[in-house]
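I have placed the structure first, in the form of structure tokens, so that the comments after it can refer back to it.
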Amino acid sequence: MKVLITGGAGYIGSTVATACIEAGNEVVILDDLSKGLRAFGDGRNLYVGDIADAALLDQLLSDHPDIDAVVHCAARAVVPESVADPLGYYDSNVGKTVLLLQRLRDAGIARIVFSSSASVYAGESGEGVDENGVLAPSSPYATTKAMVEQILHDAAAAGDFRAIALRYFNPIGADPQLRTGQQNPAPSHALGKIMQAHAAGEPFTITGTDWATRDGSGLRDYIHVWDLALAHVAAVQRFDEVATAEEPYQVINLGTGDGVTVRELVAAFERVTGEPLAVVETGRRPGDQAGAFAIVDRAEQVLDWHAERSVDDGVRDAIAWAEKLVTLR
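Take the sequence shown: its letter number 261 is residue 308 in the working numbering, and every next letter is one higher.
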């Protein structure tokens, strides 16, 4: 199959591209390189520009009229930034996606795999959530994901195309062969903060220790990015079995099926590095949540996929990638 990957020079998209290529698919990448690395497009069909650039899309689709499926990863994805600039996020993640989808529809491309997010869920219980969980996005970023899901649902119902929305939980790690990884040298997720604190010789701050979790700290489902990429390959290869003419829109959780608390993530970091990490504890921050983990029965059933890598594997690959990233920038 020939697969167009938007955002294919970013963290998730570049890893998905590698996995698709290894599975025998031909890949075309569209990325504006605002966050992605040009190096991630080396040796690949890379088109540099915006997903809403009509002329560029026309050229790409003219060059590749045989695209079978699109994996839409391109998005702005920093929660605090979305709070500060909601209009910018709605424009980039929703408005431009609509323009992209219109072009794809007009080109007759009928298979869309969307990079959604578990942030669309309420995420307050510290327990498992399946695809029927309550939706309550808590940031403009999360709301953009929920909005695009609704757009895809409605467009699929109208017969414009078929779509699979993959709701990621919390990606960590890097390509195990260190070909791609997190392009941001200072990621804002918990593992990134732990790594920054360790590198600076400073304590890591655990915010909130009175959640209804097994040790009081917040809980997340940390999925290795390579496992995540393999799930995309499965979604592309099994697309016609999953998103059918009768049920053209599908939602699938992607996670490990197990929650890891912040304290447990610290312990994993200490196991991998063999070094203790100083920790300080503070109260909850506004907007913090207990978190949740994925119920992944549906992914196993329809994609024949499950996560295989541990949180320690994710920590180990993240550390190795951070060391390599210095040489790429």
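Note that the Cβ used here is the ideal one computed from N, Cα and C, for glycine as well.
Next item on the list: Could you work out which residue in Ile159, Leu148, Leu147 is closest to Pro295 when comparing CA atoms only?
Entry: Reading the sequence shown from its first residue, position 248 is the one you call residue 295. Closest by alpha carbon: Ile159.
Checklist line | C-alpha gap between Thr260 and Glu171, whole angstroms | finding: Within the sequence shown, residue 260 is the residue found at index 213, counting from 1. Within the sequence shown, residue 171 is the residue found at index 124, counting from 1. Going by the C-alpha atoms only, they are around 11 Å apart.
Note to self: So the candidates are Val373, Tyr168, Thr254; which of them puts its Cα closest to the Cα of His236?
What the structure shows: Residue numbering aside, residue 236 sits at position 189 when the sequence shown is read from its first letter. Comparing Cα-Cα distances from His236 to each of Val373, Tyr168, Thr254, the minimum goes to Thr254.
Item checked: Beta-carbon proximity of Ala341 to Gly265, cut-off 9 Å -> Translated into positions along the sequence shown, residue 341 becomes position 294. Translated into positions along the sequence shown, residue 265 becomes position 218. No; because the gap between Cβ atoms is not below 9 Å, this pair is not in contact.
Notebook entry, point to check: What residues in its chain sit with their C-beta under 6 Å from that of Val362, if we drop five residues either side in the sequence?
Noted result: Counting from one through the sequence shown, the residue named residue 362 turns up at place 315. Excluding sequence neighbours, Val362 sits near Ala315, Phe316, Val319.
Margin query: In whole angstroms, give me the CA-to-CA distance for Ala116 and Met48.
Written below: Position 69 of the sequence shown, counted from the first residue, corresponds to residue 116. Position 1 of the sequence shown, counted from the first residue, corresponds to residue 48. The alpha-carbon atoms of Ala116 and Met48 are separated by roughly 8 Å.
Notebook entry, point to check: How big is the Cα-Cα spacing for Val358 and Leu312?
Noted result: Against the sequence shown, residue 358 aligns to sequence position 311. Against the sequence shown, residue 312 aligns to sequence position 265. Straight-line Cα distance between these residues: approximately 8 Å.
Next item on the list: Measure the C-alpha to C-alpha separation of Ala325 and Glu249 and round it to an integer number of angstroms.
Entry: Residue 325 sits at position 278 when you count from the first residue of the sequence shown. Residue 249 sits at position 202 when you count from the first residue of the sequence shown. Going by the C-alpha atoms only, they are around 7 Å apart.
Next item on the list: Going by CA-CA distance only, name the one from Asp274, Val289, Ala282 that's closest to Asp360.
Entry: The residue labelled residue 360 in the question sits at position 313 within the sequence shown. Nearest of Asp274, Val289, Ala282 to Asp360, Cα basis: Asp274.
Next item on the list: Identify whether Arg331 lies in helix, strand or coil by the three-state DSSP scheme.
Entry: Along the sequence shown, one-based indexing puts residue 331 at 284. Note: Arg331 maps to coil in three-state DSSP.
Next item on the list: Compare the C-alpha of Asp153 against each of Thr291, Gln243, Ser109, Glu174 and name the closest.
Entry: Stepping through the sequence shown from its first residue, residue 153 is reached at position 106. Among Thr291, Gln243, Ser109, Glu174, the Cα nearest to that of Asp153 belongs to Ser109.
Note to self: So Ala121 and Asp78 are supposed to be a Cβ contact under 8 Å. How far apart are they, rounded?
What the structure shows: The count along the sequence shown starts at 1 and reaches residue 121 at position 74. The count along the sequence shown starts at 1 and reaches residue 78 at position 31. About 7 Å separates the two Cβ atoms, so the contact holds.
Item checked: From Leu350, Tyr269, Lys82, residue whose alpha carbon lies closest to that of Tyr215 -> In the sequence shown, residue 215 corresponds to position 168, counting from 1. For Tyr215, the nearest C-alpha among the options comes from Tyr269.
Checklist line | Which of helix, strand or coil DSSP assigns to Val362 | finding: Translated into the one-based positions of the sequence shown, residue 362 becomes position 315. Reduced to three states, the DSSP call for Val362 is helix.
Checklist line | Secondary structure of Asp105, DSSP reduced to three states | finding: To locate residue 105, count along the sequence shown from 1; it is residue 58. In the structure shown, Asp105 sits in a helix (DSSP, three-state: H, G or I).
Note to self: So, with DSSP's three-state summary, where would you put Asn92?
What the structure shows: Start at 1 with the first residue of the sequence shown, and residue 92 comes out as number 45. If DSSP states are grouped into helix, strand and coil, Asn92 belongs with the strands.
Notebook entry, point to check: Does DSSP put Pro250 in a helix, in a strand, or in coil?
Noted result: Taking the sequence shown and counting its residues from 1, one reaches residue 250 at position 203. Coil at Pro250, not helix or strand.
Next item on the list: Would you kindly report the start and end of the unbroken beta strand (DSSP E) that includes Thr303?
Entry: Your numbering for residue 303 matches position 256 in the sequence shown. Premise fails: Thr303 is in no beta strand (DSSP E) and is neither H nor E.
Next item on the list: Measure the Cβ-Cβ separation of Ser166 and Glu196 and say whether it is below 9 Å.
Entry: For the purposes of this step, residue 166 is identified with residue 119 of the sequence shown, where counting begins at 1. For the purposes of this step, residue 196 is identified with residue 149 of the sequence shown, where counting begins at 1. Their beta carbons are not under 9 Å apart, which means Ser166 does not touch Glu196 by this criterion.
Check: Given Glu347, which residues of its chain have a CB within under 7 Å of its CB, disregarding the five upstream and five downstream residues?
Finding: As a first step, residue 347 must be located in the sequence shown, where it is residue number 300. Excluding sequence neighbours, Glu347 sits near His353.
Item checked: Identity of the residue in Ala278, Ala212, Leu277 nearest Leu199 by Cα -> Numbered from its first residue, the sequence shown carries residue 199 at position 152. The shortest Cα separation from Leu199 among Ala278, Ala212, Leu277 belongs to Ala212.
Next item on the list: Ignore the nearest five residues each way along the sequence and tell me which others in Arg226's own chain have a CB closer than 7 Å to its CB.
Entry: Taking the sequence shown and counting its residues from 1, the one referred to as residue 226 is at position 179. Once the five neighbours on either side are set aside, the close Cβ partners of Arg226 are Thr65.
Notebook entry, point to check: With distances taken from CA atoms, which of Ala101, Gly304, Pro333, Ala246 is nearest Asp177?
Noted result: Within the sequence shown, the letter at position 130 stands for residue 177. Of the listed residues, the one whose Cα sits closest to Asp177 is Gly304.
Notebook entry, point to check: With a Cβ-Cβ cutoff of 9 Å, do Gly83 and Gly54 count as a contact?
Noted result: Position 36 of the sequence shown holds residue 83. Position 7 of the sequence shown holds residue 54. Closer than 9 Å, so yes.
Next item on the list: Inspect the beta-carbon positions of His279 and Val63 and report whether they are closer than 9 Å.
Entry: On the sequence shown, position 232 is the one that residue 279 refers to. On the sequence shown, position 16 is the one that residue 63 refers to. For His279 and Val63, yes; Cβs fall inside 9 Å.
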